[in-house]
Amino acid sequence: MENYQLPISGEQFREEVSEVYSPKLGKKRKRQIIVNKVEEGDSVPEILANTRTAPGIISMRGCAYAGCKGVVLGPTRDILQITHGPIGCGFYSWLTRRNKTRPTTPEAENYMQYAMSTDLQEDEIVFGGEKKLMAAIDEAVALFHPRAIGIFATCPVGLIGDDVHAVARAAEEKYPGTNIFGFSCEGYKGVSQSAGHHIANNKVFTDVVGQIDKPKDGKFRLNILGEYNIGGDAFEIERIAELCGLTLHSTFSGNSIYDEFASSHTADLNVVMCHRSINYLAEMMELKYGIPWFKVNLVGAEATSKSFRKIAAFFNDSELTKRTEEVIETEMEIVRKVRDEIRPRCEGKTAILFVGGSRAHHYQDLLREIGVVTIAAGYEFAHRDDYEGRKVLPSIVVDADSRNIEELTVTPDETRFRPRISEEEKSTREAAGFAFSDYRGMMPEMPVGTLVIDDCNHYELEKLIEYYHPDLVCAGIKEKYIVQKQGIPMKQLHSYDYMGPFAGFRGAVNFYREIDRLLNCNAFKFAKAPWDESPELTATYGFVADQ
Amino acid sequence: MLLRHTPSGISVRKALTVNPAKTCQPIGAMYAALGLHNCMPHSHGSQGCCAYHRSSLTRHYNDPIMATTSSFSEGSSVFGGQANLLEAFTNIFTLYNPDIIAVNTTCLSEVIGDDLVQIIKKAYEEKKIPEGKVVIHANTPSFTGSHITGYANMATAMVKYFAKNTGKRNGKITLIPSFIEPSDMTEIKHIASEMGIKYIMFPDTSDVVNSPLDGHFRMYPKGGCPKEQVTASGDSNAVIALGRLGAMPAARLLDTQCKVPVHVVDLPIGITATDNLVDTLRKIAGVAVPESLRKERGQLVDILCDMNQYTYGKKVSLLGDPDILLSMVQFCKDAGMEVLHVLTGTPPGKVKLEDRVRELYGDKVVVKAGLQCDMFMFHQLVQENRPDLIMGNTYCKYICRDMDIPLLRIGYPIYDRIGQSYIPITGYRGGMHLLLKILSIFMDRQDRDAEEENVELIM
Numbered sequence: 104m105e106n107y108q109l110p111i112s113g114e115q116f117r118e119e120v121s122e123v124y125s126p127k128l129g130k131k132r133k134r135q136i137i138v139n140k141v142e143e144g145d146s147v148p149e150i151l152a153n154t155r156t157a158p159g160i161i162s163m164r165g166c167a168y169a170g171c172k173g174v175v176l177g178p179t180r181d182i183l184q185i186t187h188g189p190i191g192c193g194f195y196s197w198l199t200r201r202n203k204t205r206p207t208t209p210e211a212e213n214y215m216q217y218a219m220s221t222d223l224q225e226d227e228i229v230f231g232g233e234k235k236l237m238a239a240i241d242e243a244v245a246l247f248h249p250r251a252i253g254i255f256a257t258c259p260v261g262l263i264g265d266d267v268h269a270v271a272r273a274a275e276e277k278y279p280g281t282n283i284f285g286f287s288c289e290g291y292k293g294v295s296q297s298a299g300h301h302i303a304n305n306k307v308f309t310d311v312v313g314q315i316d317k318p319k320d321g322k323f324r325l326n327i328l329g330e331y332n333i334g335g336d337a338f339e340i341e342r343i344a345e346l347c348g349l350t351l352h353s354t355f356s357g358n359s360i361y362d363e364f365a366s367s368h369t370a371d372l373n374v375v376m377c378h379r380s381i382n383y384l385a386e387m388m389e390l391k392y393g394i395p396w397f398k399v400n401l402v403g404a405e406a407t408s409k410s411f412r413k414i415a416a417f418f419n420d421s422e423l424t425k426r427t428e429e430v431i432e433t434e435m436e437i438v439r440k441v442r443d444e445i446r447p448r449c450e451g452k453t454a455i456l457f458v459g460g461s462r463a464h465h466y467q468d469l470l471r472e473i474g475v476v477t478i479a480a481g482y483e484f485a486h487r488d489d490y491e492g493r494k495v496l497p498s499i500v501v502d503a504d505s506r507n508i509e510e511l512t513v514t515p516d517e518t519r520f521r522p523r524i525s526e527e528e529k530s531t532r533e534a535a536g537f538a539f540s541d542y543r544g545m546m547p548e549m550p551v552g553t554l555v556i557d558d559c560n561h562y563e564l565e566k567l568i569e570y571y572h573p574d575l576v577c578a579g580i581k582e583k584y585i586v587q588k589q590g591i592p593m594k595q596l597h598s599y600d601y602m603g604p605f606a607g608f609r610g611a612v613n614f615y616r617e618i619d620r621l622l623n624c625n626a627f628k629f630a631k632a633p634w635d636e637s638p639e640l641t642a643t644y645g646f647v648a649d650q
Numbered sequence: 208m209l210l211r212h213t214p215s216g217i218s219v220r221k222a223l224t225v226n227p228a229k230t231c232q233p234i235g236a237m238y239a240a241l242g243l244h245n246c247m248p249h250s251h252g253s254q255g256c257c258a259y260h261r262s263s264l265t266r267h268y269n270d271p272i273m274a275t276t277s278s279f280s281e282g283s284s285v286f287g288g289q290a291n292l293l294e295a296f297t298n299i300f301t302l303y304n305p306d307i308i309a310v311n312t313t314c315l316s317e318v319i320g321d322d323l324v325q326i327i328k329k330a331y332e333e334k335k336i337p338e339g340k341v342v343i344h345a346n347t348p349s350f351t352g353s354h355i356t357g358y359a360n361m362a363t364a365m366v367k368y369f370a371k372n373t374g375k376r377n378g379k380i381t382l383i384p385s386f387i388e389p390s391d392m393t394e395i396k397h398i399a400s401e402m403g404i405k406y407i408m409f410p411d412t413s414d415v416v417n418s419p420l421d422g423h424f425r426m427y428p429k430g431g432c433p434k435e436q437v438t439a440s441g442d443s444n445a446v447i448a449l450g451r452l453g454a455m456p457a458a459r460l461l462d463t464q465c466k467v468p469v470h471v472v473d474l475p476i477g478i479t480a481t482d483n484l485v486d487t488l489r490k491i492a493g494v495a496v497p498e499s500l501r502k503e504r505g506q507l508v509d510i511l512c513d514m515n516q517y518t519y520g521k522k523v524s525l526l527g528d529p530d531i532l533l534s535m536v537q538f539c540k541d542a543g544m545e546v547l548h549v550l551t552g553t554p555p556g557k558v559k560l561e562d563r564v565r566e567l568y569g570d571k572v573v574v575k576a577g578l579q580c581d582m583f584m585f586h587q588l589v590q591e592n593r594p595d596l597i598m599g600n601t602y603c604k605y606i607c608r609d610m611d612i613p614l615l616r617i618g619y620p621i622y623d624r625i626g627q628s629y630i631p632i633t634g635y636r637g638g639m640h641l642l643l644k645i646l647s648i649f650m651d652r653q654d655r656d657a658e659e660e661n662v663e664l665i666m
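Protein sequence lines correspond, in order, to chains R and B. Going by the working numbering, the first residue of the first sequence is number 104, and it counts up by one from there. Going by the working numbering, the first residue of the second sequence is number 208, and it counts up by one from there.
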């Protein structure tokens, strides 16, 4: 990897920024602020991640409920989702993540616009809320007749001892035609959204995947895991997959439906987009059903090409390979034209990215394509493997917060386990450089000398801006206006600022144009008024002031 | 149809809330706390609460919303949040240096029974709170009331912690607004200023959540009521609560605690309610209504009369929070519009929203307030009796789109339009703005829908 010389060294930044904290917290933060180094075999420095945020620190993080209901299950349109708790959690997760969905007919089930909650009141907190939850399910079934119902526990539910799983089981007996399942995703679990992802993965795996044994037609059938269709990303990916001749069985969980989840174990390949939020499901499906998986990145035109080539290579079919190459050729022609026009205007600009568990990595590719250098990046809720690569998995120490999240023991399914490629074949391919079940991590792909910061907080973000004056900051809504008040353009990489798609080829074009606008538009130039540039008054009209 | 699964007729529900017309207490408390100068709102609960509240307020205001959290883990949820809160105080004062930390509780910390009074006392004893700095708190359990209750509770906490009666009146009038926009607070201050009245206003979020872009980020923008002013409110000659649900509890406490006489008025939205505020101020302060306000009023009345034909008889359905709803209903009456439905998820308590609305519109109007009074019910109501206009928050847009009914965005949250934080709806000038918006909606519809032969050049 190339070197990047920061104007003030990353080491100096780390030392000076950590000084403000208590000695204990300072010591911890120093292990989470890393100056990147890449050595032989992708070896990178160890970073401390997936650890508690200190109370009082303004963090970018959310909670387990947000990770479970908001991120993983939220995008599915026909699983009716009931938040069990006081009203707030259901209200805030109502449509705010921009997961687009496209029902196949005007009558098809689509509950995206509906936020459902038991709106627990004081009496129920005191005497228990299970009865109200059951009554809410009764009403939901009577009104909507859904295919499936998911129940999401909020903080107080766990504490008052409501058993959402027991209620789900009882409800399922009452309504045999509806699959009803609960998630113990109380907000206090774990240290961030990440705990919620894991909880969601577990339940989807045990209660949904494998319920329907009917495969979709098609020769090359795959699932995409960890793509949530924000701003229409999944639509663009579906378009490319179709052009290539692939059968996209299901997407977890952008633009998805229950039946596709339930039959996803019949596909022959899983590819993983957002490693952090869904790698558990990929692993478990491989163990139980024999479906191999590998990591892809469909953000960035080059990364998209590479990923589709890898998918074609997996299926090892000359016709598929030919079509894939044709698609890439056609699409890249348009991409190149826009990129060549925009790149000179963005070349050499600098960006910092703090977002998600994958986006801070993926979007570096897109920015690089138009010459923008990422000088600092980090995740909100990732683990060490997302930074350093899955090779460090065996050395990750599981702390008390993570231990509380159930780790399922998975064994091969007695009748349905079917290795899609033999161990021998897999080894041969791996020897030839084809990586399965692997994620290289963000750090090996970042320039040496740049900063990698886990769970970057408000104070550190302010200091980064003060030290390095980036031309662009990418993070979330809470950070947006803090940055923009300073006259620096800010791009939201959770919601895309209500634009998109940014994935795939058309997404790349959209993103280049958007970054070009942000870096080169006039608006931010007005942050300073003309009189701020030269505040001293000259004496010419001094008499006016005397009056 | 985006809300294709909403059946016609009114579905009776006792347990399931669908598309709520309210949210939870802590966000209201956070918003109120932003109305103190140099104050850091602090959410005592899981990280997610604070993240959700900051995100929601940021989407509404398009401005930085700074707040901290106790970041509860599973351990703190079992063993209590005291250690987290004490650590938070140290970190907040060290890193962000506010004058005040305003703590609100959450359902989590309420359920485990954290005793905030005791924890704050301990923090002082252990010198976790530096000299000259203060910590206040409000109990805001999410399982009672709504965001309006939370706002009222934090405003009340300000009185409880700060207001002092020194025995000497300071000749000021204290103004406590309900949960409204910063622009609306500015407009109310403008009215008092024009009348030559010295006032204290809190919470006051103007110049906090509608700050300018000038190349600098300020963690504590220049607005917000200084705590010394809240203290001095105990010596004020009178307190006016603007809005019964959001403002009256704080005003009442000022009376009990400091013997400041209370006056309660509706939020000054529209002519009648603004007249009532101006008249109340005039009488309390013993001043004449100045020419400038007479002119503002006259201009609003001018438009109301000139354009009355475009509003008269138009049917309106409203959804939102009780204090704003009540004044809006009055304004609809002022403009000759017919109100079909009034709905809020906020429990009305002693406010008697229904009685007040019926005083104006009799038995025909449908008033719904409290549990399971949500947007799903609102949708079913407007399907049964279709209005010409819906007034409500951003989430009403799905109903409006499905039914092709125009939407006047009002209340919280407004995620998809801007302006409300800069341009008021309170006072006479705000009334003018509001009326112009309503007129534009009806007149644009007329232009769009008229038969070709009936398109009017002059309207």
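Cβ coordinates follow ideal geometry from the N, Cα and C atoms, glycine included. For clarity, every value in this text was computed on a predicted model and none was experimentally measured.
Residue i in three-state terms, based on DSSP
i: V523 (chain B); result: strand
i: W197 (chain R); result: coil
i: I510 (chain B); result: helix
i: C231 (chain B); result: coil
i: A222 (chain B); result: coil
i: L420 (chain B); result: coil
i: Q296 (chain R); result: helix
i: K604 (chain B); result: helix
i: G668 (chain B); result: Nothing can be reported for residue 668 (chain B), as the shown portion of chain B is limited to 208 through 666.
i: M546 (chain R); result: helix
i: Y406 (chain B); result: strand
Test: residue i CB closer than 8 Å to a CB of chain R
i: T265 (chain B); result: yes
i: C314 (chain B); result: yes
i: L209 (chain B); result: yes
i: N226 (chain B); result: yes
i: S413 (chain B); result: no
Chain-order list of residues whose beta-carbon lies under 6 Å from that of residue i (same chain, five-residue window excluded)
i: E339 (chain R); result: P604, A606, G607, R609 and G610
i: Q650 (chain R); result: With a pLDDT of 44 at Q650 (chain R), under the threshold of 50, the modelled position of this residue cannot be trusted; read the value that follows with caution. So the list is empty, once near-sequence residues are dropped.
i: T276 (chain B); result: S250, Q254 and C257
i: D458 (chain B); result: For the record, residue 458 (chain B) in the displayed sequence is Ala; it is not Asp. The residues are I383, V446, A448 and V469.
i: G329 (chain R); result: V375, M376, C377, S380 and I381
Neighbourhood of residue i by C-beta, 7 Å cutoff - its chain only, sequence neighbours within 5 removed
i: I190 (chain R); result: S220 and D222
i: P428 (chain B); result: D414, V415 and S418
8 Å Cβ cutoff met for residue i and residue j
i: L325 (chain R); j: N400 (chain R); result: no
i: S196 (chain R); j: K235 (chain R); result: no
i: C166 (chain R); j: G285 (chain R); result: no
i: M365 (chain B); j: I308 (chain B); result: no
Same chain, Cβ closer than 8 Å to residue i, five either side skipped, listed in chain order
i: I621 (chain B); result: H267, N600, T601 and Q627
i: G638 (chain B); result: I476, G477, I478, T481, L507, F538 and I632
C-beta neighbour in chain B for residue i, strict 8 Å
i: K566 (chain R); result: no
i: V500 (chain R); result: no
i: V576 (chain R); result: no
i: L246 (chain R); result: yes
For residue i, the residue or residues it bridges with in DSSP
i: V399 (chain R); result: Answer is none; V399 (chain R) lacks a bridge partner.
i: N360 (chain B); result: For N360 (chain B), which the question treats as bridged, DSSP gives no partner whatsoever.
i: M219 (chain R); result: R:I185 and B:V225
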